[in-house]
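For the sequence shown, the working numbering gives the first residue as 7, with consecutive numbering after it. The beta-carbon is built from N, C-alpha and C at its ideal position, and this holds for glycine as well. What you are looking at is a predicted structure, and each value in this text was computed from that prediction instead of being measured. Report on the following structure.
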Amino acid sequence: MKREGQIIKALSGFYYVQCEDALVTCRARGKFRYKKITPLVGDRVAITVQEDGSGSLDEILPRRNAFQRPAVANIDQLVLIASGAIPVTDPFLLDRIISLAESKQCEPIVCINKWDLVPAEELFALYEQAGFTTLRVSAETGLGIEELRGLLAGKVSAFTGNSGVGKSSILNALEPDFRLATGEISEKLGRGRHTTRHVELFPVSGGLIADTPGFSAFDTDRGEHLEKDALAETFREFRPYLGQCRFVGCAHVKEKGCAVLAAKKERKISQSRHKSYVRLYEQAKEYKPWEKE
Ligand code: GDP
Ligand code: ZN
7 MKREGQIIKA
17 LSGFYYVQCE
27 DALVTCRARG
37 KFRYKKITPL
47 VGDRVAITVQ
57 EDGSGSLDEI
67 LPRRNAFQRP
77 AVANIDQLVL
87 IASGAIPVTD
97 PFLLDRIISL
107 AESKQCEPIV
117 CINKWDLVPA
127 EELFALYEQA
137 GFTTLRVSAE
147 TGLGIEELRG
157 LLAGKVSAFT
167 GNSGVGKSSI
177 LNALEPDFRL
187 ATGEISEKLG
197 RGRHTTRHVE
207 LFPVSGGLIA
217 DTPGFSAFDT
227 DRGEHLEKDA
237 LAETFREFRP
247 YLGQCRFVGC
257 AHVKEKGCAV
267 LAAKKERKIS
277 QSRHKSYVRL
287 YEQAKEYKPW
297 EKE
């Protein structure tokens, strides 16, 4: 019987495909191996279910996006957990991940935790004005958690944020069983061994969350680079000005007649976001295309 579903877990050569009414354990057909295509957690797939209930994975349906670490596909939104209290989040870290998410048609959501400790008004205004869904929560008191829950429904999300900002606490506040479930899995697998590779989709608040059992950090740091010329497009508040600079190929760093710099002067683009852009631009210039994986 032919079915469609989504891979929610991949382990030891088996793919666990969630179909509308059943979870089917599948093996991939040989053609994927010859073609060197690896099915990813998050992939929407066509399968054939045998009489005995086992399945074979026939085809990967078109992907919205794919990430390398962890290896996962079709992430609708990346929830960036930030903190205005210790450890205070450096906006540059947010901007780098936002830029990567934007380049992959993955919607960034800025979620500032520890609201009970600090109002983080500046950080909140910075991202709200740049055009992102921005919210403040406290995993400690539960403030704002319902708003976050509403954003997760019906979507595949991944959480990211530097250690200590409260990712685990927020997931726990959303779903008290969540850490327990993922903690058990990581114990079974042996901590450390599968931690960077293994990823699963867990149902939370009417949506799915891509998580690395026991860790819950979505590591977008390494192995992924943007070309310098593609960078400005990934800063959404720059877009209205792109193509309006005096010179074609303007880098928007310090060029004369730059429309982005003019917008910054008029405070339509923040200093902080532009500073991150320049830093990423300088990094992208250093990056050699042959370093591409
Ligand atoms: P993770 O490394 O991002 O998963 O962060 P944790 O969830 O482990 O949280 C790090 C520390 O911050 C813990 O001591 C938490 O109790 C604390 N914490 C997390 N969220 C909040 C919050 O909203 N308010 C306060 N006051 N502390 C928090
Ligand atoms: Zn320019």
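- Item | Counterpart residues of V85 in DSSP-defined beta bridges | I115, F165
- Query: Mind checking whether the beta-carbon of A5 lies closer than 8 Å to any heavy atom of the ligand GDP?
  - Reply: Outside the shown range of the chain, which is 7 to 299, sits residue 5, and nothing can be said about it.
- Task: Could you check what DSSP says for R70 in three-state terms: helix, strand or coil?
- Result: coil
- Query: Beta carbon of V284: closer than 8 Å to some heavy atom of the ligand ZN?
  - Reply: no
- Option in T54, K260, A268 with minimal Cα separation from E288: K260
- Check whether the Cβ of L237 sits closer than 8 Å to any heavy atom of the ligand ZN, and report yes or no. no
- Message: Whole angstroms are fine: how far does the CA of L214 sit from the CA of T240?
- Response: 25 Å
- Task: With a threshold of 8 Å, establish whether the CB of E261 neighbours any heavy atom of the ligand ZN.
- Result: yes
- Item | Rounded straight-line distance, which links the Cα of V23 to that of E65 | 12 Å
- Message: Less than 7 Å between C-beta atoms, sequence neighbours within five positions excluded: which residues of the same chain meet that for S222?
- Response: Note that S222 has pLDDT 49, beneath the 50 cutoff, so the model's placement of it is unreliable and the number below is only indicative. Closer than 7 Å at Cβ, skipping near neighbours: F165, K173, S174, L177.
- Task: Could you tell me whether any non-hydrogen atom of the ligand ZN is closer than 8 Å to the CB of Y247?
- Result: yes
- Query: For R70, which option in A91, I104, V284, C112 has the closest C-alpha, if you only look at C-alpha atoms?
  - Reply: C112
- Query: Among P68, V94, D101, A91, which has the Cα closest to the Cα of L84?
  - Reply: D101
- Task: Could you have a look at Y21 and say whether DSSP puts it in helix, strand or coil?
- Result: strand
- Does at least one heavy atom of the ligand ZN sit under 8 Å from the Cβ of H3? Beyond the ends of the chain as shown, which are 7 and 299, falls residue 3; an answer cannot be given.
- Run the proximity test for A265: is its beta-carbon closer than 8 Å to any non-hydrogen atom belonging to the ligand ZN? yes
- Three-state secondary structure (DSSP) of R50: strand
- Exposed unless 16 or more other CB atoms sit within 10 angstroms - verdict on L63: buried
- Task: Taking the CB atoms as reference points, tell me whether L123 and G90 lie closer together than 9 Å.
- Result: yes
- Other residues of its chain near P68: CB distance less than 7 Å, five sequence neighbours each side excluded: none
- Task: Can you give me the Cβ contacts of P97 inside the same chain, cut-off strictly under 8 Å, excluding the 5 residues immediately before and after it?
- Result: L129, L132, S278, R279, S282
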